[in-house]
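Right, one structure below, let's go through it.
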Amino acid sequence: MNKIALCIAFTLISIIGLGQKTQKEQLDSLFTSLFEQKMFNGNVLIANKGKVIFEKSFGWANEATKQSINSSTVFELASVSKQFTAMAIVLLEKQNKLKYTDKISRYIPELAFYGNITIQNLLHHTSGLPDYMELFEEKWDKTKFAVNQDIVNELAKYQPKLHFLPGEKYEYSNTGYALLGLIIEKVSKKSFGQFLSEHIFTPLKMKNTLVYRRRFAPKTIKNYAHGYIIDSLGNKILPDSFGKEYYTYYLDGIVGDGMVNSTVRDLLKWDRALYSNKLVNDKDRKIIFSKGKTNDGKTVDYGLGWAVLENKKYGTIVNHSGGWAGYITFIERHLDNDKTIILLQNNITENTSLPIEEVYKILYNE
1 MNKIALCIAF TLISIIGLGQ KTQKEQLDSL FTSLFEQKMF NGNVLIANKG KVIFEKSFGW
61 ANEATKQSIN SSTVFELASV SKQFTAMAIV LLEKQNKLKY TDKISRYIPE LAFYGNITIQ
121 NLLHHTSGLP DYMELFEEKW DKTKFAVNQD IVNELAKYQP KLHFLPGEKY EYSNTGYALL
181 GLIIEKVSKK SFGQFLSEHI FTPLKMKNTL VYRRRFAPKT IKNYAHGYII DSLGNKILPD
241 SFGKEYYTYY LDGIVGDGMV NSTVRDLLKW DRALYSNKLV NDKDRKIIFS KGKTNDGKTV
301 DYGLGWAVLE NKKYGTIVNH SGGWAGYITF IERHLDNDKT IILLQNNITE NTSLPIEEVY
361 KILYNE
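Okay, so the sequence shown: first residue is 1 according to the UniProt record's numbering, each after it adds one.
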């Protein structure tokens, strides 16, 4: 058992040993202990049927100014952003502006040489597309910001081979969701951020949620959580310290696979909306939370922007994690039991933890 697992196990045993605590008290003990062990720094919100049963903030949003994290602190969501990209595609499909079965070459003709990749392949991570981050690490002029069209241009220029034929198997792909971001812009004739704001964030009154690229398009955001990493000496530093040739700088213009920023409270609004018809109907929800399939009919544990898991004890679970320099994020929804777990962190250390199994034990009184 590794060091992190031992610490969490000891924490949980301590909690159980204290007798008949409420769920709130048990969760408080768990996360307070993790914070004290420098294994959690950020916001946690846990809800049952939409009612918050535990919410607490830990640590600094800004180490320099000693601004504390609170319930309104805005975090970079990293790959948790993908569920909003997928929802935008669903909304455009509902508007009859595209089809899931459309070839991406219809919208991005420069990539026609990749063959029959469809929007559905991008959504389910079955496209076989190579990783744009690896391509840019090798080929890109790192003194310049890259935007989504640059991904297309670089793929067309160097034509790296597909990892497999479209639909043949599953492989998580940031490239696919970045291309979805570009398709959203081409079809809607609006920026990615504008479309999400008008069609998702504003209707759901997610007032503290936005597409934000801090280096590419800097502006002041009240209560913003800066993301910190640990240097070789054990000090908390901003990734900016590594200079413009670090990926967090030159890839800061890319949207679709990341770059949505939000709060735990806004994400709870998002969670509740997904149980209602505010954005989509039952048919759409079934598509979003159904597993994708490969060409041979095998299922993949990913729907539209969500991992989809069947658990014998807890029923259908959909979730997504996110990781970017300085940020670790997580949202999970238990569809059969209507439980919600939201964790947003702005520190990455070797001990940073997502104590999901421990939260399960408390939520289900195990």
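Note that the Cβ used here is the ideal one computed from N, Cα and C, for glycine as well.
Determine the burial state of residue i: buried for a count of at least 16 other Cβ atoms within 10 Å of its Cβ, exposed for fewer.
| i | result |
| --- | --- |
| residue 175 | buried |
| residue 43 | buried |
| residue 257 | buried |
| residue 22 | exposed |
| residue 200 | buried |
| residue 12 | At residue 12, the pLDDT of 48 sits below 50, so the modelled position is not reliable; the number obtained from the coordinates is stated separately. Looking at its Cβ environment, which holds 16 or more other Cβ atoms inside 10 Å, residue 12 is buried. |
| residue 104 | buried |
| residue 146 | buried |
| residue 56 | buried |
| residue 358 | buried |
| residue 83 | buried |
| residue 150 | buried |
| residue 276 | exposed |
| residue 217 | exposed |
| residue 9 | At residue 9 the pLDDT is 45, less than 50, meaning the model places this residue with poor confidence; the figure from the coordinates comes in the next sentence. The residue in question, residue 9, is exposed, as its Cβ has fewer than 16 Cβ neighbours within 10 Å. |
| residue 362 | buried |
| residue 96 | exposed |
| residue 252 | buried |
| residue 108 | buried |
Once you ignore the five residues that flank residue i on each side, which residues in its own chain have a CB closer than 7 Å to its CB?
| i | result |
| --- | --- |
| residue 127 | 117, 121, 166, 173, 176 |
| residue 191 | 185 |
| residue 205 | 269 |
| residue 395 | Since the first residue shown for the chain is 1 and the last is 366, residue 395 is missing from the structure and cannot be characterised. |
| residue 158 | 135, 139 |
At which residues does the beta strand (DSSP E) containing residue i begin and terminate?
| i | result |
| --- | --- |
| residue 270 | Careful: residue 270 lies outside any beta strand (DSSP E), inside the alpha helix (DSSP H) at 264-273. |
| residue 42 | 42-48 |
| residue 308 | 307-311 |
| residue 288 | Looking at the DSSP string, residue 288 is not in any beta strand (DSSP E); the run it does join, the alpha helix (DSSP H), is 282-288. |
| residue 332 | 327-334 |
Could you spell out the range, first to last residue, of the alpha helix (DSSP H) harbouring residue i?
| i | result |
| --- | --- |
| residue 121 | 119-124 |
| residue 248 | 247-250 |
| residue 185 | 174-188 |
| residue 90 | 82-94 |
| residue 367 | An answer regarding residue 367 cannot be provided, because it is not within the stretch 1 to 366 covered by the chain. |
| residue 193 | 192-196 |
| residue 360 | 356-363 |
| residue 34 | 23-36 |
| residue 139 | 132-139 |
Report back the beta-carbon spacing between residue i and residue j to the nearest angstrom; my notes put them in contact at under 8 Å.
| i | j | result |
| --- | --- | --- |
| residue 64 | residue 340 | About 33 Å; that fails the 8 Å criterion. |
| residue 352 | residue 328 | 6 Å |
| residue 227 | residue 324 | 7 Å |
| residue 160 | residue 135 | 6 Å |
| residue 354 | residue 343 | 6 Å |
| residue 24 | residue 349 | Actually they do not touch by this definition, with Cβ atoms about 27 Å apart. |
| residue 69 | residue 61 | 5 Å |
| residue 334 | residue 317 | 5 Å |
| residue 239 | residue 229 | 6 Å |
| residue 187 | residue 92 | 5 Å |
| residue 195 | residue 88 | 6 Å |
| residue 320 | residue 79 | 6 Å |
Would you say the beta carbon of residue i is closer than 7 Å to some non-hydrogen atom of the ligand FAD?
| i | result |
| --- | --- |
| residue 137 | Ligands are entirely absent from the displayed structure, and the ligand FAD is therefore not among its contents. |
Within the same chain, show all residues whose beta-carbon is closer than 6 Å to that of residue i, passing over the 5 residues directly before and after it, in chain order.
| i | result |
| --- | --- |
| residue 41 | 58, 59, 345, 347 |
| residue 272 | 50 |
| residue 28 | none |
Tell me which same chain residues have a C-beta within less than 8 Å of the C-beta of residue i, skipping the five on either side of it?
| i | result |
| --- | --- |
| residue 292 | 120, 123, 124, 125, 126, 170, 299, 300, 302, 303 |
| residue 164 | 128, 171 |
| residue 237 | 228, 229, 230, 231 |
| residue 311 | 317 |
Are the C-beta atoms of residue i and some chain C residue less than 8 Å apart?
| i | result |
| --- | --- |
| residue 310 | Absent from the structure: chain C. Only one protein chain is present. |
Worksheet item: For the 8 Å Cβ check, are there 3 or more pairs between the stretch 212-223 and the stretch 71-80?
Response: Enough Cβ pairs lie closer than 8 Å, so yes.
Discussion item. Three Cβ pairs or more, each shorter than 8 Å: is that satisfied between the stretch 232-241 and the stretch 264-278?
Written reply: no
Discussion item. Contact between the stretch 281-292 and the stretch 241-256 is defined here as three or more beta-carbon pairs at a separation below 8 Å; is this criterion met?
Written reply: no
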